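**Q** Position one of the sequence shown corresponds to residue 60 (the working numbering), numbered consecutively onward.
Each residue gets a CB set at the ideal place from its N, CA and C atoms; glycine is no exception.
Since this is a predicted model, take the numbers as computed values, not measurements.
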Amino acid sequence: MMVFILYEMADVARWKLPSKVELYTQGAGSWRSIPSVVHPHYLPCDDWFTAFVNGSVRWIARDMWAFNADGIRSLIMLFNMGSQAFSVLMIPGALVSENPLHLSIMSYGESLAVSCHGRTAGGSSCIWVMKEYGVAESWAKLYNITLPGVLVQIRGFRENGEVLVLSLLTGDNQLLCYDCETKTFANSGYTGNLFTFSSYAFMESLVLVQPGNGFF
Numbered sequence: 060m061m062v063f064i065l066y067e068m069a070d071v072a073r074w075k076l077p078s079k080v081e082l083y084t085q086g087a088g089s090w091r092s093i094p095s096v097v098h099p100h101y102l103p104c105d106d107w108f109t110a111f112v113n114g115s116v117r118w119i120a121r122d123m124w125a126f127n128a129d130g131i132r133s134l135i136m137l138f139n140m141g142s143q144a145f146s147v148l149m150i151p152g153a154l155v156s157e158n159p160l161h162l163s164i165m166s167y168g169e170s171l172a173v174s175c176h177g178r179t180a181g182g183s184s185c186i187w188v189m190k191e192y193g194v195a196e197s198w199a200k201l202y203n204i205t206l207p208g209v210l211v212q213i214r215g216f217r218e219n220g221e222v223l224v225l226s227l228l229t230g231d232n233q234l235l236c237y238d239c240e241t242k243t244f245a246n247s248g249y250t251g252n253l254f255t256f257s258s259y260a261f262m263e264s265l266v267l268v269q270p271g272n273g274f275f
């Protein structure tokens with residue numbers, strides 16, 4: 060099952076809300092609209108980070124109706140594949156005022172992690188984890204990461220505990236493996252632009268994916 064969210068532009072600066080939501084069901088092999096789904100939150104369209112935990116897919120979103128003094132209120136929006144409904148979850152209070160484009164969400168074991176990226180050379184980036192799944196009060200800062208260059212994005216976690224980070228060191232974005240215990244990093248040898256790299260948790264499955272009848 061996959062969910063597709065489409066935003067239409069009202070003008071160059073505003074999006075039409077609510078958005079159009081389509082759901083793909085593998086058994087039927089087709090997309091269908093969910094007209095009753097209404098949610099007031101905007102997903103940054105150029106942030107590709109999602110986390111699938113406990114039957115729900117999650118995005119970092121911007122609340123369009125509740126602004127703080129900085130004009131931004133970031134949160135987590137989730138879509139439950141079973142109930143086919145949207146809901147929200149609060150991010151750590153220290154990150155609420157951060158631009159959603161500076162935040163990433165990822166799975167951390169059976170729970171969630173949110174990272175905030177440094178945008179200046181030598182700037183520190185942080186990773187927060189949800190100690191108790193679904194309990195917003197259980198967010199705790201796990202790591203601060205500082206690299207010689209600009210830490211562009213945190214991409215995910217390896218099984219050995221290392222963190223995959225994308226850093227601008229010598230004019231190119233380089234994928235690094237960072238050891239949070241020794242505070243050292245190793246270069247993977249891969250370089251590219253911001254959109255070259257994606258990281259997903261692999262889960263083996265014997266389910267055969269059948270071709271559908273098109274995107275819509």
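#1: Please return the same chain residues whose Cβ sits closer than 8 Å to the Cβ of Val112, not counting the five positions on each side in sequence.
#2: Residues in its own chain within less than 6 Å of Pro151 by CB, not counting five upstream and five downstream?
#3: Which residues does DSSP pair with Leu148 in a beta bridge?
#4: List the DSSP bridge partners of Met61.
#5: Leaving out five residues on either side along the sequence, give the residues of the same chain with a beta carbon under 6 Å from the beta carbon of Ser174.
#6: Quick one: measure Cβ to Cβ for Phe216 and Val222, integer angstroms, because I've assumed they're closer than 8 Å.
#7: Report, in whole angstroms, the separation of the C-beta atoms of Thr250 and Asp231, which I expect to be a contact under 8 Å.
#8: Using a 10 Å radius around the Cβ and a threshold of 16 neighbouring Cβ atoms, would you call Val80 buried or exposed?
#9: Give me, in chain order, the residues of the same chain whose beta-carbon lies closer than 6 Å to that of Met136; leave out the 5 immediate sequence neighbours on both sides.
**A** According to the data block:
#1: Locating residue 112 in the sequence shown gives position 53, where the first residue counts as 1. Excluding the 5 residues flanking it on each side, Val112 has same chain C-beta neighbours closer than 8 Å at Ser166, Glu169, Ser170, Leu171, Tyr192, in chain order.
#2: By 1-based counting over the sequence shown, the position of residue 151 is 92. Within the same chain, and ignoring the five residues on either side of Pro151 in sequence, the residues whose Cβ sits closer than 6 Å to its Cβ are Trp187, Trp198.
#3: Counted from its first residue, the sequence shown places residue 148 at position 89. DSSP output for Leu148 lists Ile135 as bridge partner(s).
#4: Stepping through the sequence shown from its first residue, residue 61 is reached at position 2. Under DSSP, the beta-bridge partners assigned to Met61 are Tyr83.
#5: In the sequence shown, residue 174 corresponds to position 115, counting from 1. Closer than 6 Å at Cβ, skipping near neighbours: Ser163, Ile186, Ile213.
#6: To locate residue 216, count along the sequence shown from 1; it is residue 157. To locate residue 222, count along the sequence shown from 1; it is residue 163. The Cβ separation is near 6 Å, so the contact holds.
#7: Taking the first residue of the sequence shown as position 1, residue 250 is located at position 191. Taking the first residue of the sequence shown as position 1, residue 231 is located at position 172. Contact between Thr250 and Asp231 holds: their C-beta atoms lie close to 4 Å from each other, under 8 Å.
#8: Taking the first residue of the sequence shown as position 1, residue 80 is located at position 21. By the neighbour-count criterion, in which 16 or more other beta carbons inside 10 Å mark a residue as buried, Val80 falls on the buried side.
#9: Translated into the one-based positions of the sequence shown, residue 136 becomes position 77. Counting only residues of its own chain and dropping the five nearest sequence neighbours on each side, Met136 has a CB closer than 6 Å to the CB of His100, Trp118, Ala120, Val147.
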